[in-house]
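These notes are about the structure you will find just below.
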Amino acid sequence: MKKRVALLTVLFLPILIYIYFALGVPKSFRAPIFGPKKAIQVVDKNGNPKTDTLYWSIPEFTFPTLEGRTFNSKTLAGNLYIALFVHPDSMATTLRVFAEDIRLNRMSYNYARFIFFCIGDSTGMPLPNAPDFAKEMKLGIDTAHTVFLSPTAFDSIHNNIYFIADENRKKEPWATWSDAVLLDYKGRIRGYYNIRYAAELKKMKEDVRFIKFRDEAVLTLEKSKVEQNKK
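Per the working numbering, residue 1148 is the first one in the sequence shown, and the count goes up by one each step.
Have a look at this one:
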């Protein structure tokens, strides 16, 4: 009997999660996909052509860390992560409320990873006495990464990759230069947040949980359909 209950739970829990997130909050439009997109022609599972949407995703990159190692974006593959563009004084300005919230509510950030983009010298190496934001925020070495870029590369990756303009939008979603950017497990932009404010942090954490559980539920359902078709 217990095995039967466990089996039913495994089979129906993803469906219940999907129904809750897909239908339970129909007017919230939680965590849309930002950035330019285009229509592409693909083939469905039956071999029929159909039109799909190709969303903007973050290209691969490699930058040095404070320890002189290289950080590859593949390290974050398959994970939700939050990208932050920071200056040396950011702990006292941009990150103050964020750092305090992490200290008090660490468990609420368990589903996300973090990457802090910092300005280095002209070659992209860390400047003398450069702060390690991942360490100062008391985030684990597998959870957060501090990487350094040349000033030119810093502006380029900020303006052309994470804060990229979308001609289809009347107004861009970010409010300030230093907004945090939420990326899903496919490298797609799912939200911008002014982390100087507690309300924005709350929304960011809600979006992380939404993407985590809704998207995983969708993937589970798709896998279940594939397995059923094989049978």
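Don't be surprised by glycine CBs; every beta carbon is placed ideally from N, CA and C.
Asked                                                                                                                                                               : Found
Can you name the start and end residues of the beta strand (DSSP E) that F1295 belongs to?                                                                          : A1291 to L1296
Compute the distance between the beta-carbons of I1262 and A1300, then report whether it is under 8 Å.                                                              : no
In the structure shown, what three-state DSSP assignment does T1240 receive?                                                                                        : coil
Is it true that the CB of G1334 sits closer than 8 Å to the CB of S1297?                                                                                            : no
Distance, Cα to Cα, F1264 vs T1290?                                                                                                                                 : 15 Å
Let me confirm a value: S1237 is counted as buried when at least 16 other C-beta atoms fall within 10 Å, else exposed. Which label applies?                         : buried
Between E1283, F1360 and D1313, which has its C-alpha nearest P1235's C-alpha?                                                                                      : E1283
Quick check on A1137: does DSSP put it in helix, strand or coil?                                                                                                    : Examination of residue 1137 is not possible in this model, given that the chain is present from 1148 through 1378 alone.
With a Cβ-Cβ cutoff of 8 Å, do F1218 and V1294 count as a contact?                                                                                                  : yes
Go ahead and label Y1088 buried or exposed: buried means 16 or more other beta carbons lie within 10 angstroms of its beta carbon, across all protein chains shown. : This structure cannot speak to residue 1088, because the chain is shown only from 1148 to 1378.
Work out the CA separation of L1251 and P1206 for me, nearest whole Å.                                                                                              : 34 Å
On the DSSP bridge assignment, give the partners of S1210 in chain order.                                                                                           : The question names Ser, but residue 1210 is Phe in the sequence shown. According to DSSP, which records beta bridges pairwise, F1210 is partnered with F1218.
Report back the beta-carbon spacing between K1285 and I1311 to the nearest angstrom; my notes put them in contact at under 8 Å.                                     : Not quite, the Cβ-Cβ distance comes to about 31 Å (not below 8 Å), so this is no contact.
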